Each structure stands twice: as C-alpha cells, then as structure tokens.
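Have a look at the structure below before the remarks.
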Amino acid sequence: MLHRLVSLTGRGLGAVMIGFVQVYRLCFSPLLPPSCRHFPTCSTYAIEAIRKHGPVTGFGLTTWRLLRCHPWGAWGYDPVPEVGLWNRARQRLFGRPNPTGSGLHSRHHPS
75 MLHRLVSLTG RGLGAVMIGF VQVYRLCFSP LLPPSCRHFP TCSTYAIEAI
125 RKHGPVTGFG LTTWRLLRCH PWGAWGYDPV PEVGLWNRAR QRLFGRPNPT
175 GSGLHSRHHP S
C-alpha cells in the first residue's frame, strides 16, 4: 500500500514538474533570444530526465545540465543518461551498490 502511495506521489510530482517546464516553453521561452548550446534543448532534456529517472533524480540531472549551460561551457549533443548508466556512475562516485545488485565492479574478487 505504501509503495503504491509513493509511486503515485512520484508520478504526480513528475507531472507537476513537467507542467512547469511546459509553461516555461509556452510563456517565457518565446520572449528570450535562442541561445541553446546543447541538443536536446534544456527543456526537452528536463522532460526526458523526469520521465526516465523520476522527479528526484530527473531534477538533479536537469539542475546539473543547467549549471553546465553557460557561454564558456561545452556544446553539442548531450543526451539524458540511460537508467543503468546513471546507477553505475552513482556507484562509482558514492560507493553505493546499485539497487539491482549489478554494476561495473563485482563485490566478490577471485582468490
């Protein structure tokens, strides 16, 4: 029961976040000059990240993308990472095992 409630809450929060991005696209983006450095655009990236990774991780990925988007930053193709890739990167950075138990490094080393 709790799992279902958390899942519904996450989906609802994700829908609200995507709604905010859509409002930005419709109301504010047309008033600004085109200045996208990456493909897909940051708003498309945000929607895709929230749909693929959920609202919390999607927000983190979107924030990281926005911090990289500045005149002195990189440019070009910058896709949303796949779900498995993000788990492996998190494991490497923070030393936490993946929830699925799979990853780049095995916990059991041959003797």
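Residues in the sequence shown are numbered from 75 upward in steps of one, following my numbering.
In this text, a Cβ means the ideal position worked out from N, Cα and C, and glycines have one as well.
Owing to the predicted nature of the structure, the values given are computational and were not obtained by experimental measurement.
Collapsed DSSP secondary structure at His144 in the structure displayed | For the purposes of this step, residue 144 is identified with residue 70 of the sequence shown, where counting begins at 1. In the structure shown, His144 sits in coil (DSSP, three-state: anything other than H, G, I, E or B).
Taking the alpha helix (DSSP H) that Tyr119 falls in, what are its first and last residues?
-> As a first step, residue 119 is located in the sequence shown; it is residue number 45 there, counting from the start. Its alpha helix (DSSP H) spans residues 116-127.
DSSP-derived helix/strand/coil call for Gly84 = Against the sequence shown, residue 84 aligns to sequence position 10. Helix, per DSSP.
Identity of the residue in Cys116, Val97, Gly88 nearest His144 by Cα | Mapped onto the sequence shown, residue 144 falls at position 70. Ranking the options by Cα distance to His144, first place goes to Cys116.
Below 8 angstroms between beta carbons: does that hold for Arg166 and Asp152?
-> The residue you call residue 166 lines up with position 92 of the sequence shown. The residue you call residue 152 lines up with position 78 of the sequence shown. At the C-beta level, Arg166 and Asp152 stay beyond 8 angstroms of one another.
Between Val95 and Ile121, which are expected to be in contact by the criterion C-beta below 8 angstroms, what is the C-beta distance as a whole number of angstroms?
-> To locate residue 95, count along the sequence shown from 1; it is residue 21. To locate residue 121, count along the sequence shown from 1; it is residue 47. Confirmed, Cβ separation roughly 6 angstroms.
Burial state of His182 (16 or more Cβ within 10 Å) | Within the sequence shown, the letter at position 108 stands for residue 182. Reliability fails at His182, whose pLDDT of 42 lies under 50, so the model's placement of it is uncertain and no value is given.
Are the C-beta atoms of Leu106 and some chain D residue less than 8 angstroms apart?
-> No chain D appears in this structure, which consists of one protein chain only.
Just checking my contact of Gly132 with Gly84 at CB under 8 angstroms: how many whole Å lie between their CB atoms?
-> As a working note, residue 132 is residue 58 in the sequence shown. As a working note, residue 84 is residue 10 in the sequence shown. Gly132 to Gly84, Cβ: 10 angstroms. No contact.
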